[in-house]
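So the structure is just underneath, and the comments pick up after that.
Residue numbers (this note's numbering): 686 to 1077.
This is how it looks when you write it as structure tokens:
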């Protein structure tokens, strides 16, 4: 047997062991999902997000897996877990965020519940189901003695608000990686995510000059009028053919109906498909905002959050491998593009092979009806772990 065929046989043997270790653990996986869902962990709830991280760390360290805690002042700490490799240094990275969009106290009135094969609760799909997948994939790989390369899992706490502190840790952990797997929820179709839009949110402030709207209207400079003119131009940047959308979703301003408005504000959402589009669009947005649409007014724009796109060229190789492993496990899967943003865009933008949407199938994220399809939790975790094992 040649060296290449020996290595292939070794990978296949490891894959079988990992799949077998996971096979009887569906109930254990659901139990952990319930525990994690029943911990409030809004992005701004540092105590809650840290409690989720501590729960994960306790479980992993109890099995001899190394966990490093990276302190953060304003948001939840970052927890980094690692199963050491047997010699090769180019690691694999799994991503998962512990935070949800739901306010502290949600669990008390709407905690984990189950109806048939469907699990419900705050963050059950986005993305506590994905955390369970990462945890069990890591445990399985550790249980069989590890792989030829290190396997790292990064558990962050601020993805839902743009990863203001998590991004730097994600990019640092990804550098030098052979592959990145993000267990955001699988699509309702059952597909995984092979491409994502990038996105940014902006806060726009406009200053004008107040005046009585009846007595000396001409002495005023309406910030609201200036903002309205800008909104028309900002919305005109939308181009469905190229995948670009802009949306001013919040506006406010002015003091009274009979006063020329001295101030106005808006929140702008931008979505794009490629890194090249991002630079062009941000420059155009700044140009539109800074223009003096109404004499006597001025405006500024500040970026609130920024996600980079996951371009499909960075996911294809991993998807082909994942699809093969899924087929071996008895389920079919396709790749899917989504307009939603995720941390996988940061690693894809670094040119690292990245695949997303690998968690259990779920839907209606960010709503009271959010669900996770439990029957997909085990096989998709097996497919994730098998794909990692199959990497050369």
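Even glycine gets a Cβ: it sits at the ideal position worked out from N, Cα and C.
Measuring alpha carbon to alpha carbon, tell me which of the options ends up nearest residue i.
i, options, result
"residue 934", "950, 727 and 709", "950"
"residue 785", "1013, 723 and 889", "723"
"residue 873", "1046, 782, 768 and 1063", "1046"
"residue 925", "1024, 875 and 897", "1024"
"residue 943", "965, 895 and 976", "895"
"residue 1055", "756, 726, 798 and 696", "798"
"residue 952", "945, 916 and 737", "916"
"residue 1003", "1043, 1048, 984 and 973", "1043"
"residue 1021", "1028, 1032, 1031 and 1008", "1008"
"residue 711", "1059, 1072, 1070 and 1069", "1059"
"residue 928", "902, 981, 892 and 996", "996"
"residue 888", "877, 912 and 977", "912"
"residue 1072", "735, 749, 733 and 777", "777"
"residue 838", "796, 903, 1050 and 751", "751"
"residue 1011", "694, 693, 700 and 695", "700"
"residue 1165", "938, 1006, 728 and 963", "The structure shown does not extend to residue 1165, since the chain spans only 686 to 1077, so no value can be given for it."
"residue 739", "812, 763 and 748", "763"
"residue 901", "979, 922 and 945", "945"
DSSP three-state call for residue i: helix, strand or coil?
i, result
"residue 727", "strand"
"residue 842", "coil"
"residue 918", "helix"
"residue 974", "helix"
"residue 816", "helix"
"residue 708", "coil"
"residue 693", "helix"
"residue 1039", "strand"
"residue 902", "helix"
"residue 890", "strand"
"residue 781", "strand"
"residue 987", "strand"
"residue 995", "strand"
"residue 1044", "coil"
"residue 1051", "coil"
"residue 686", "Low confidence applies to residue 686: its pLDDT is 47, below 50, so where it sits in the model is not reliable enough to give any reading."
Report the CB separation of residue i from residue j in whole angstroms; it is logged as a contact under 8 Å.
i, j, result
"residue 993", "residue 880", "Not really, about 12 Å apart at Cβ, beyond 8 Å."
"residue 717", "residue 817", "5 Å"
"residue 781", "residue 870", "Contact flag wrong, Cβ pair sits at about 11 Å."
"residue 758", "residue 846", "Contact doesn't hold; Cβ gap of about 15 Å is too wide."
"residue 721", "residue 766", "At roughly 15 Å, the Cβ-Cβ gap does not stay under 8 Å, so residue 721 and residue 766 are not in contact."
"residue 893", "residue 981", "7 Å"
"residue 725", "residue 761", "About 12 Å; that fails the 8 Å criterion."
The segment 1005-1023 contacting the segment 849-860, beta-carbon criterion three pairs below 8 Å: no
Runs of 4 residues minimum, wholly inside the segment 784-812: which ones carry the alpha helix (DSSP H) assignment? 791-794
Stretch pair the segment 1063-1070 + the segment 704-717: three plus CB contacts closer than 8 Å: yes
Suppose only complete runs of 4+ residues qualify. What are the alpha helix (DSSP H) ranges in the segment 998-1037, listed by chain order? 1001-1014 and 1029-1034
If we count Cβ pairs, one from each stretch, closer than 8 Å, do we get three or more for the segment 816-834 versus the segment 763-774? yes
Could you tell me whether the segment 1025-1042 touches the segment 855-867, where touching means 3 or more Cβ pairs closer than 8 Å? yes
Stretch-stretch touch, CB-based, cutoff 8 Å, three pairs: the segment 907-914 with the segment 953-968: The answer is no - the segment 953-968 does not touch the segment 907-914, with fewer than three Cβ pairs under 8 Å.
List in chain order: all unbroken beta strand (DSSP E) runs of 3+ residues lying wholly within the segment 742-778. 751-755 and 763-768
For a minimum of 4 consecutive residues, which ranges assigned as the alpha helix (DSSP H) are wholly contained in the segment 832-886? 851-859
Quick one: complete alpha helix (DSSP H) runs, 4+ long, within the segment 925-976? 960-975
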